[in-house]
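What follows is a set of notes on a single structure, which appears directly below.
Residue numbers (this note's numbering): 412 to 1448.
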């Protein structure tokens, strides 16, 4: 090998070995070296010149301010460019360089280059070049095409100009700028990546940033796609293109354009001003939205938040996790879904259509599994939320906030603070609403197990409770206009529960119930096909019970208003509730009064119902009001009498000694009928006065009573002046009666028929039908027609079991002419409003009710000395009228049939009767007995002209007990004024029973398993009625 030192010119020849030409250790000071096909140049040193390798091979060439050009077929290996300016050009696709080292210089590659090291310089790659394992300490790699692999830049940059494929670049300190090439698996340790166009994937930035946009190349807009970027500490700025799968461990992502998806920010923020963002995840930090569109699912962890800035309209976003979405003033979100997220709506912000639910994770396909406590929405003062749907989570509405059309479902809750305004909330499937003091709530719908809780001091208006929903009203809370529209009565269904101190007004119930607790108040409740249950200490204002409605009150309930009971409605009240019950219509049988007086009461056993009953009436033979009484002593006792303490009270007395007083307006003038219903209670239908068809004498002739009108002139008889006077009709009232066949005739309601001519010749001039208590006029007095019934000319018409009757009121109580008979007109004792009014009253009087002692046209006389002679006189007219007997068939018997019933219900019959004493043998264990016997009424066994309708059993004087050979006397019936089943004590010997009398046994001489004897001295008894079976009635029930 020869060393050739060339100062200038070209190296042309060389040694030859086996067809190869070797140029060894040539030094090119000035000039060029050509290494052609088949030639190999080794260890060449070029100071200033160019080595052209064309088809040959250059090995270990050293350049001092020189250059190397490798063209088609050429290759170079182990080139080293020292200080100074040098360059290497690989100009053909099939040219190849390897292991090039440039301290300072320029490398341009169109072929292949591997293992290039550039200390300070530029590597330019184009065409279809293949470049691998380039290291640039301080310089630049420009890519115009080709494939570039495993570039490492210490301090510099890598840049493409619109073409090429770049992978596995490592920037220790510097930048990477993409203009259209495809990048993959790049690592920037401390620097930045600028992407104008192209496809960039799997970029990792340890410390630095990535800038992404849609750029232009040759005047044309190029698209940018960035995939799988990881920034450990730094930021990513996106103004265009498509960016997906970015992970920022500690830094920010700025988005001003483009499409960004699947960003994961561990610590840092995503700031969006434009563009479209999908599926962002923030572990600790924020997603701050100034503009753009957010889609897919944003996942925020505990320390993360999504901030919606002023002017932003965010629609359709899905946010999951445990962080928060904050909507700033002026911001708006629509149809967002929160999974486990807290949404905060600031003053001036708006949220519409938000869905709150639990966090979820995808298990398979489109199947989600749910976890977490659910999402929350906080609506701050001045904020607004519309159409929020809460599946799992809560909505908290602060003072000054406005919320409309929220739907709370399943495990959702709505908390409403003082000063908040909430409208049109729907609670369903277990959803809950809690309303605090001072909140303003209206138009809430509660259904299917959902609950509205109205807390102390809160006010709620227009709540609809439907299909299993419920409303709870706490102490100090007030609810108005609640509608309960459920599927039926009963606990566990659609309901309103008012707790102590709570108030509900204007509640409407149809198919649900209202539960009024102790100390609670319900005003103006209307019930149709539902119920009110009022507990002890509750307060009821005005209540309306319609068809299908039910009112059930406790002993301690206070009715402070009026209960309007419409036909088909039902009300259950007790003795001491007070207030008013107004029975509407003439077929009203819905009122039940219950009581629980003790069976034994040494101090007396009377009850007085404090509730006033109004509107008790009837219209025709098949329609009438009724009242059911359910008292123990009524159910197990027998009726002995009915009295009227005043015009508006009726007292029912039983043989147990129990008496019940009812406050029924106008009852004394109304009349009554009493019957026992099939369920064991006691019903009342109260009746009185003229029957329809009665003819009344008027100024113009006779007129049927039902045809009379206010203003008509009726002929009256002034018995004091002995002349007839016309007086003006001021009022006509109509009522209805149904007969109770199981009561004595005078109490059953049978009409009394006075046959034509029964009083005098042609008086009446046709049969007259009137009620038993109605009075006829004789000379100077009124006598009740019941005291003149003789069974022949005056008798109870058993063929009539229901009828209408009328009252006629004149300017003053008068003697009028009915069917030719002198009788009484109506005397207003305060019961006028209890009748059906068919005509307008001419003149309204504000005077107090009248009474018989001061205002009657003639005195009312019931004295036997006056009535009996008249009775006998009228009875004798039977021979003139010639009619058959129309009364009951009965005979009188003397046997009282005395027997005892023990406290165990055992019947004890007489052991013997001797010398006026009746003796019974009893076990020593008996504590008390009932003395039972037949009973009579003096008006039945002597005659109706006796105004004594009390039932009398037997008159008992002494009662002796023989126990263990010792004699004792029982004095209870002599000493105790109030004793069940005994009449009042009299000065005469003995005391009358009413047919069932209570007797306590208190022997001092009894021992175990002993027998005692009771002997009673019977002073009087009988006679008693024994009625034929076909005419059998129950004298008391």
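Backbone N, C-alpha and C define an ideal beta-carbon position, used for all residues, glycine too. Predicted, not measured: the structure shown is a model, and the values here were computed from it.
Local conformation of residue i per DSSP, three classes
i            : result
residue 827  : strand
residue 1076 : coil
residue 566  : strand
residue 460  : strand
residue 1427 : strand
residue 364  : Outside the shown range of the chain (412 to 1448) lies residue 364, about which nothing can therefore be said.
residue 1275 : helix
residue 832  : strand
residue 1065 : strand
residue 1198 : helix
residue 493  : coil
residue 1118 : helix
residue 1284 : helix
residue 776  : In this predicted model, residue 776 has a pLDDT of only 39, less than 50, meaning its place in the structure is not dependable; the value taken from the coordinates is given anyway. Looking at residue 776 - three-state DSSP - the assignment turns out to be coil, as it is neither helix nor strand.
residue 821  : strand
residue 443  : strand
residue 1266 : helix
residue 504  : coil
residue 1043 : helix
residue 581  : strand
Among the options, nearest to residue i - alpha-carbon criterion
i            : options                   : result
residue 445  : 480, 471, 454 and 934     : 480
residue 1422 : 1430, 1428, 1412 and 1429 : 1412
residue 544  : 977, 560 and 533          : 560
residue 611  : 618, 594 and 748          : 594
residue 804  : 676, 813, 765 and 728     : 765
residue 1426 : 1356, 1320, 1336 and 558  : 1320
residue 1301 : 510, 1278 and 1352        : 1352
residue 655  : 674, 641 and 664          : 674
residue 1182 : 1203, 999, 1192 and 1207  : 1207
residue 1059 : 852, 1072 and 1066        : 1072
residue 833  : 824, 802, 681 and 852     : 852
residue 370  : 735, 752, 794 and 938     : As shown, the chain starts at 412 and ends at 1448. That puts residue 370 outside it, with no answer to give.
residue 745  : 731, 758 and 719          : 719
residue 696  : 490, 671, 734 and 685     : 734
residue 1070 : 1364, 879 and 1394        : 1394
residue 702  : 811, 1128, 1212 and 722   : 722
residue 568  : 597, 1140, 538 and 558    : 597
residue 573  : 635, 541 and 580          : 635
residue 868  : 829, 604, 883 and 1179    : 829
residue 1295 : 1203, 1235 and 588        : 1203
Beta strand (DSSP E) segment containing residue i, residue limits
i            : result
residue 1334 : 1328 to 1334
residue 665  : 653 to 672
residue 1290 : Residue 1290 -> not in any beta strand (DSSP E); alpha helix (DSSP H) instead, spanning 1289 to 1292.
residue 1174 : Segment: none, residue 1174 is in no beta strand (DSSP E) and carries neither H nor E.
residue 1235 : 1232 to 1235
residue 859  : Premise fails: residue 859 is in no beta strand (DSSP E) and is neither H nor E.
residue 1450 : The requested residue 1450 does not occur in the structure, where the chain is confined to residues 412 to 1448.
residue 1305 : Where residue 1305 is concerned, there is no enclosing beta strand (DSSP E), given that its DSSP letter is neither H nor E.
Residue i - containing alpha helix (DSSP H), residue span
i            : result
residue 1156 : 1156 to 1159
residue 723  : Neither: residue 723 is in no alpha helix (DSSP H) and is coded neither H nor E.
Neighbour flag for residue i against chain B, beta carbons, 9 Å
i           : result
residue 473 : Reference to chain B is not applicable here, since this structure consists of a single protein chain.
Inset, instruction - Could you tell me which uninterrupted alpha helix (DSSP H) segments, each at least 4 residues in length, are contained entirely in the stretch 1344 to 1408, listed from first to last along the chain? - result: 1349 to 1352 and 1383 to 1386
Legend entry - Whole runs of the beta strand (DSSP E) within the stretch 883 to 945, excluding any shorter than 3 residues: 889 to 891, 894 to 896, 906 to 909, 914 to 916, 919 to 921, 924 to 927, 932 to 934, 936 to 939 and 942 to 945
Legend entry - Cβ contact (3+ pairs, closer than 8 Å) linking the stretch 1341 to 1348 and the stretch 1285 to 1294: no
Inset, instruction - Would you list, in sequence order, the uninterrupted beta strand (DSSP E) runs of no fewer than 3 residues that lie entirely inside the stretch 690 to 717? - result: 692 to 700 and 704 to 706
Legend entry - the stretch 1183 to 1199 contacting the stretch 1288 to 1304, beta-carbon criterion three pairs below 8 Å: no
Legend entry - contact_flag[the stretch 920 to 935, the stretch 944 to 955] where n(CB pairs < 8 Å) is 3 or more: yes
Legend entry - Segment contact flag, the stretch 1121 to 1128 with the stretch 1167 to 1178, C-beta cutoff 8 Å, min 3 pairs: no
Inset, instruction - Would you be able to state if there are at least three C-beta pairs under 8 Å between the stretch 721 to 729 and the stretch 697 to 706? - result: yes
Legend entry - the stretch 988 to 995 contacting the stretch 964 to 979, beta-carbon criterion three pairs below 8 Å: yes
Inset, instruction - Determine, using beta-carbon pairs with one atom in the stretch 1147 to 1164 and one in the stretch 1322 to 1332, whether at least three such pairs fall under 8 Å. - result: no
Legend entry - Minimum length 3: unbroken beta strand (DSSP E) runs contained in the stretch 953 to 977: 954 to 956, 961 to 964 and 973 to 976
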